[in-house]
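Comments concern the structure below.
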Amino acid sequence: MTRQKKDAGPEGGPVDFAVIYGNGAAMGFSPDQVDHMSFWQFRACIDGFNKANGAEEVIPPPTDAEFDALLEGRNLNVG
2 MTRQKKDAGP EGGPVDFAVI YGNGAAMGFS PDQVDHMSFW QFRACIDGFN KANGAEEVIP
62 PPTDAEFDAL LEGRNLNVG
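If you use this note's numbering, the sequence shown corresponds to residues 2 to 80, in order.
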């Protein structure tokens with residue numbers, strides 16, 4: 002049985018299911034698994050995936066000295 006997708010996306014426009022299936026595939030889900038999730042469940046999976054993969058981690062910019070060392074090709078990991 003084929004389900005018709007009639008949901009509205011952001012700003013009331015159509016939902017781009019190719020993007021949803023692509024994001025699901027990036028997280029290891031098959032299209033069938035994505036189909037069986039609610040939008041709430043899928044969003045929770047995205048949030049968990051992003052958190053587990055460091056998407057929320059804020060990395061500070063290098064200091065001027067660190068940047069200069071990188072340009073010179075020096076190893077910064079030496080104690």
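For every residue, glycine included, the Cβ atom is placed at its ideal position computed from N, Cα and C. Please read these numbers as outputs of a predicted model, since none were measured by experiment.
Express the C-alpha separation of residue j and residue i in angstroms, rounding to a whole number.
{"i": "residue 53", "j": "residue 45", "result": "12 Å"}
{"i": "residue 30", "j": "residue 51", "result": "15 Å"}
{"i": "residue 16", "j": "residue 22", "result": "11 Å"}
{"i": "residue 32", "j": "residue 59", "result": "32 Å"}
{"i": "residue 42", "j": "residue 25", "result": "12 Å"}
{"i": "residue 66", "j": "residue 74", "result": "12 Å"}
{"i": "residue 47", "j": "residue 14", "result": "21 Å"}
{"i": "residue 28", "j": "residue 68", "result": "34 Å"}
{"i": "residue 57", "j": "residue 18", "result": "25 Å"}
State the CB to CB distance for the pair residue i and residue j, rounded to an integer number of angstroms; the pair is presumed to be in contact (CB under 8 Å).
{"i": "residue 63", "j": "residue 71", "result": "7 Å"}
Buried or exposed: residue i, going by 16 or more other Cβ atoms within 10 Å of its Cβ?
{"i": "residue 20", "result": "exposed"}
{"i": "residue 35", "result": "buried"}
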